[in-house]
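Going down the list, the sequences are from chains G and P.
Counting from 1, one number per residue, gives the positions in the first sequence under this note's numbering.
Counting from 1, one number per residue, gives the positions in the second sequence under this note's numbering.
Encoded as structure tokens, the structure appears first; notes follow it.
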Amino acid sequence: MSESAEVIAGVLIFLGTLISLISSVGLVRLPDVYTRSHAASKSSTVGVLFILIGTLLYFLISEGYFSIRLILGIVFVFLTAPVAAHVICRAAYRADVPLTQTSAEDELKEYFTVNEKQSGDSPSP
Amino acid sequence: MFDILMILSLVILTCAVLLNIFRVVKGPSSADRVQALDSIGINLIAGIAIFSVYMNTHAFFELILLIGILSFIGTIAFARFIERGVVIERKR
Chain G
1 MSESAEVIAG
11 VLIFLGTLIS
21 LISSVGLVRL
31 PDVYTRSHAA
41 SKSSTVGVLF
51 ILIGTLLYFL
61 ISEGYFSIRL
71 ILGIVFVFLT
81 APVAAHVICR
91 AAYRADVPLT
101 QTSAEDELKE
111 YFTVNEKQSG
121 DSPSP
Chain P
1 MFDILMILSL
11 VILTCAVLLN
21 IFRVVKGPSS
31 ADRVQALDSI
41 GINLIAGIAI
51 FSVYMNTHAF
61 FELILLIGIL
71 SFIGTIAFAR
81 FIERGVVIER
91 KR
């Protein structure tokens, strides 16, 4: 019983840490705040979900302890991490952080200039 | 064997946090720094989960929820500050 718990939890947790490491490498190497946010939000969310599900299954199989707090943590991280990345990206765009040189076109800029022309002053949130 | 795997996972997670700290130190704009700090918070949740498996206890599960909530609130507050200059707006 304890053996299978250790195998399942070990595989899930190790996979999750590898995904977190890949996310951090992307956070260092990518050229732009938007691409860095893309790397950091998605893959670190998936990594922490793998780790938390591995922890949940470990305690569920080895001790029969079902933790509702861990379920709440999984749901909360899964809901809030993409929202946080979205808000940071929008703040960076409003603060005129430039895109990288190799990006092809900026459709949102056209949208914002049209919006400013209609409303007269700075765009309402 | 299982303990060694858990220690190895914690070491890899520490490497990930160190790479995030590099981005916090270097990052050209403040949005980079906020994003990296949010990523550090998420990695910290993962570290607590691995540590509770390693210690074979379930006394730290509240901490996972708590750090998740605090990291989210801090990120939202910093993003509002970057975007508008104030965190809490007043109606006039």
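The beta carbon of each residue, even a glycine, is placed where N, CA and C say it ideally should be.
Listed in chain order, the non-local C-beta contacts of G/Cys-89 below 7 Å within the same chain comprise Tyr-34 and Ser-37, local neighbours out to five positions each way being set aside.
Leaving aside the five residues that flank G/Gly-54 on each side, the residues in its chain whose CB is nearer than 6 Å to its CB run, in chain order, Ala-9, Leu-12 and Ile-13.
Within a 10 Å sphere around the beta-carbon of P/Asn-43 sit 16 or more other beta-carbons, which makes this residue buried. Where P/Gln-35 is concerned, the enclosing alpha helix (DSSP H) starts and stops at 30-55. Counting along the chain, the unbroken alpha helix (DSSP H) around G/Lys-42 starts and ends at 33-62. Selection P/Leu-37, P/Phe-78 and P/Ala-49 evaluated against G/Ile-71 yields P/Ala-49 as nearest (Cα-Cα). Look at G/Gly-16 here: in three-state DSSP terms it is helix.
The criterion of a C-beta distance shorter than 7 Å is not satisfied by P/Ile-40 and P/Val-11. Taking 7 Å as the cut-off, the beta carbon of P/Glu-62 is found no closer than this to the beta carbon of G/Ala-91. Taking C-beta separations shorter than 7 Å and ignoring five residues to either side along the sequence, the partners of G/Val-46 in its chain run Ile-19, following chain order. In the three-state reduction of the DSSP assignment, G/Thr-102 falls in the coil class. Residues of the stretch 58-83 of chain G whose Cβ lies closer than 7 Å to any Cβ of chain P, in chain order: Tyr-58, Phe-59, Tyr-65, Ser-67, Arg-69, Leu-70, Leu-72, Gly-73, Phe-76, Val-77, Thr-80 and Ala-81.
Excluding five sequence positions before and after G/Pro-31, the CB atoms of its chain that fall closer than 6 Å to its own CB belong to Thr-100, given in chain order. For G/Phe-112, there are no C-beta contacts with chain P under 8 Å, since the nearest C-beta of that chain is about 13 Å from it.
Taken through DSSP and simplified to helix, strand or coil, G/Ser-67 comes out as coil. Listed by position along chain G, the residues whose Cβ is nearer than 7 Å to that of P/Ile-76 are Ala-84 and Val-87. Taking 7 Å as the cut-off, the beta carbon of G/Leu-27 is found closer than this to the beta carbon of G/Ala-39.
Distance from the Cα of G/Phe-76 is smallest, within the candidate group P/Thr-75, P/Ile-69 and P/Ala-79, for P/Ile-69.
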